Amino acid sequence: MRFTAVLFLAVLLAGCGGGSMTKLLKNPDPEYKLRMAEQFFVKKKYSKAQVVYEDVMPYFKTGKEFENIYYKYAYCAYYQLDYFNAENLFKTFLEIFPNSSRAEEVDYMRAYSFYKQSPKPTLDQTNTIKAMGMMQTFINMHPGSERNKEANEIIDICRQKLETKDHQSAQLYYDLGQFRAAGVSFTTLLENYPESQKADEYKLMVIKSYYRYAQLSVEEKQVERYEKVIDECNEFVDRFPESKLKKEAEDFLKQSQTNIKNLSNEQIKTSA
């Protein structure tokens, strides 16, 4: 925290009003400095408020004002989009003031700060997974909270982001021609997100992947691998009888059956 405040102070003193900030911080009256910090906060000058709040904290650490100071100090980081430090400050607030009337709000904001660190689907999703866990913990700890509706919505958003990342990974295998790996990945995707609106699309990609894998296999393995495609096609029809993709799955079924028949005829001719 001290490093952050020093960094902000350096920026402030380098810009306009640096002299006035220096004068304020040198003022020996902590009550006056606290009033100025409150004014900065109200005026949304969060970088200045943050520096002054940290400066006066030692004077009020045992007083009734400390909870309010630390509360706004944490929000200064949040409002400056410094979600990493905001999460840590919200966490520390809960440790210092576990019985605060603001505890539920701050607990939610801690989880929300993790969510705000969740990157786009192509990047590492560690923070997304943590945000989901923390939001679920919040719901479990505060079952009657009005914030639970939003917490559940955020969990759904995070889950969708994870699904998107897994989908992109499976599709990449297919696009690179690694069809067996694609078949396995799309199967795992379907198992992990069985209620997805794209579930029938994922199943069709399983079929396509294994069909291409069978096509490119050595002849001795093709019958076995087309039979795998047939099994997947039958599962598709059973699971998604109303899907718009059903006809495409049935086409792969018929083609696989035809291919097996042709392969069997070839084997008979060869052995004759």
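So the sequence shown is numbered by numbering that gives the first Met the number 0: it starts at 0 and just counts up by one.
Virtual Cβ for every residue (Gly too), placed ideally from N, Cα, C.
Just so it is clear, the structure is predicted and the values come from calculations on it, not from any experiment.
Cutoff 8 Å; reference residue i; Cβ partners in own chain excluding five residues on either side
i	result
M56	F65, I68, Y69 and Y72
G143	none
Residue nearest to residue i in terms of C-alpha spacing, selected from the options
i	options	result
I95	S117, Q124, K60 and Y82	K60
F185	Q196, G176, E194 and Y172	Y172
E149	S168, M108, P120 and E162	M108
C232	M131, E37, N151 and Y210	Y210
K160	D174, L122, G176 and E103	L122
D155	M131, A169 and Q170	M131
K227	N26, I259, K44 and K197	I259
E247	M204, S263 and N261	M204
L63	K220, E30 and Y74	It should be pointed out that residue 63 corresponds to Lys in this sequence rather than to Leu. Cα-wise, what sits closest to K63 is E30.
Inter-residue spacing [alpha-carbon to alpha-carbon] between residue i and residue j
i	j	result
I236	S242	Before going further, note that residue 236 is Val rather than Ile in the sequence given. Between V236 and S242, the C-alpha separation is close to 8 Å.
T82	H141	Here the sequence assigns Tyr to residue 82, which means Thr is not the residue at that position. Each residue's Cα considered, the two are about 23 Å apart.
I138	S19	46 Å
M0	R158	Any reading at M0 needs caution, since the residue's pLDDT is 47, under 50, leaving its predicted position unreliable; the model's value is listed next. Roughly 32 Å between the two C-alpha positions.
F40	N151	31 Å
V50	N87	17 Å
V183	Q214	17 Å
Y111	K245	41 Å
Chain-order list of residues whose beta-carbon lies under 6 Å from that of residue i (same chain, five-residue window excluded)
i	result
Y77	A85
N261	none
Contacts around residue i, its chain only, beta-carbon distance under 7 Å, and the 5 residues preceding and following it disregarded
i	result
A271	With a pLDDT of only 49 at A271, under 50, the local geometry of the prediction cannot be trusted, and the value read off the model is given with reservation. Cβ neighbours of A271 beyond the five flanking positions: none.
E162	Y192 and S195
CB contact below 8 Å: residue i versus chain D
i	result
L189	Although the question refers to chain D, the structure presented lacks it and comprises just one protein chain.
Which of helix, strand or coil DSSP assigns to residue i
i	result
S19	helix
F137	helix
S255	helix
N98	coil
L24	helix
Q167	helix
beta-carbon residue i near the ligand ADP non-hydrogen atom, thresh 7 Å
i	result
Y111	Absence of the ligand ADP is noted for the structure shown, with no ligands found whatsoever.
Delimiting residues of the alpha helix (DSSP H) encompassing residue i
i	result
Y192	No alpha helix (DSSP H) contains Y192, which DSSP labels as neither H nor E.
N84	Y82 to I95
V217	First-last for V217: undefined, no H or E at that position.
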